[in-house]
Structures are given as structure tokens and as C-alpha cells.
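In our numbering, the protein residues as written are 152 to 292.
What follows is one structure encoded as C-alpha cells, with my remarks underneath.
Okay, structure coming up:
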């Protein structure tokens, strides 16, 4: 089943890149567990449980916060019921206008062809640096 799991994740990244969120969500089990990297922008109440929590706490916020947000997939590693993605995040944080290019790793766990768990690892320091307000913005707030 592991080759099929890699195919599911490959299609998920293709769909995300095309803005096809219904296909992305269709890859997920209704009760998915989503774990953001510690101290990441969208870790907040992580882990999130269920597709609606992922949409509200992660995907919608990415759409609001970023211009040209993208995931560059360099490798997909077959680990049986897990698929590991190695790559980069890129985009422009709208509030500051700063651009990011940060290493990322995603660990996806699948059962019966559906994603049941997601774990993110990324360069949270770089995200913190680019999301800091521009000089004077805090004073005006």
C-alpha cells in the first residue's frame, strides 16, 4: 500500500499548488489529527482534530496572510503507512511584505488511502523574523 500512499500525497501537493482545496480536503480522513510545528504561526491550539479545524485554523489563515504561498516538494519518501515530504515553503507575508524561503518537512500518516495524521517541521525562527511588523506599525496600533 505504500506506493499508493506516496501517490495520494503527490496528488495532494499538486492540488494545493493549483488552489484545488476540495481535492486537498478529500485526501483527508474526517477525523484527521493535524500537528503544527512547535512555535509555528498556525500551531495555536495544535493539534487540530477534524477537517473543519484544519480549514479554519490553518488553510484559511494561510490564504488571508500570504501572497503567492507555495510548497516546493523536493522529495517524497515512502515509509510504509507514512510519507515524508522534504521541501521548502515560499511566499510573501502580506502584513510585512517580507518574503520567505524556509525548509520544511511534513510527515503524513495514511490508513485506507486517507490521511489520518499530519506533522509539520519547519524553520519557525525564519517565520518569526518575516512576520515581525515593519517599523512604526506597532506604534500606530
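No residue lacks a Cβ here, since even glycine has one placed at the ideal position from N, Cα and C.
Distances from the alpha-carbon of residue 262 to those of 233, 174 and 229 put 233 closest.
With fewer than 16 other beta carbons inside 10 angstroms of its own, residue 153 counts as exposed. Here residue 278 has 192 as same chain residues with Cβ atoms under 6 Å from its own Cβ, once five neighbours each way along the sequence are excluded.
Ranked by Cα distance from residue 194, the options 167, 240, 201 and 209 are led by 209. A residue is called buried once 16 or more other Cβ atoms fall within 10 Å of its Cβ, and residue 187 is buried on that count.
Checking the DSSP bridge columns, you'll see residue 262 partnered with 265. According to DSSP, residue 232 shares a beta bridge with no other residue.
Distance check between residue 257 and each of 216, 203, 213 and 270 places 270 closest, using alpha-carbon atoms only.
Around the beta carbon of residue 228, a 10 Å sphere encloses fewer than 16 other beta carbons of the protein chains shown; the residue is thus reported as exposed. According to DSSP, residue pairing for residue 189 in a beta bridge does not occur. In this structure residue 182 is in contact with residue 201, their Cβ atoms being roughly 6 Å apart against a cut-off of 8 Å.
Within the DSSP secondary-structure output, residue 179 pairs in a beta bridge with 266.
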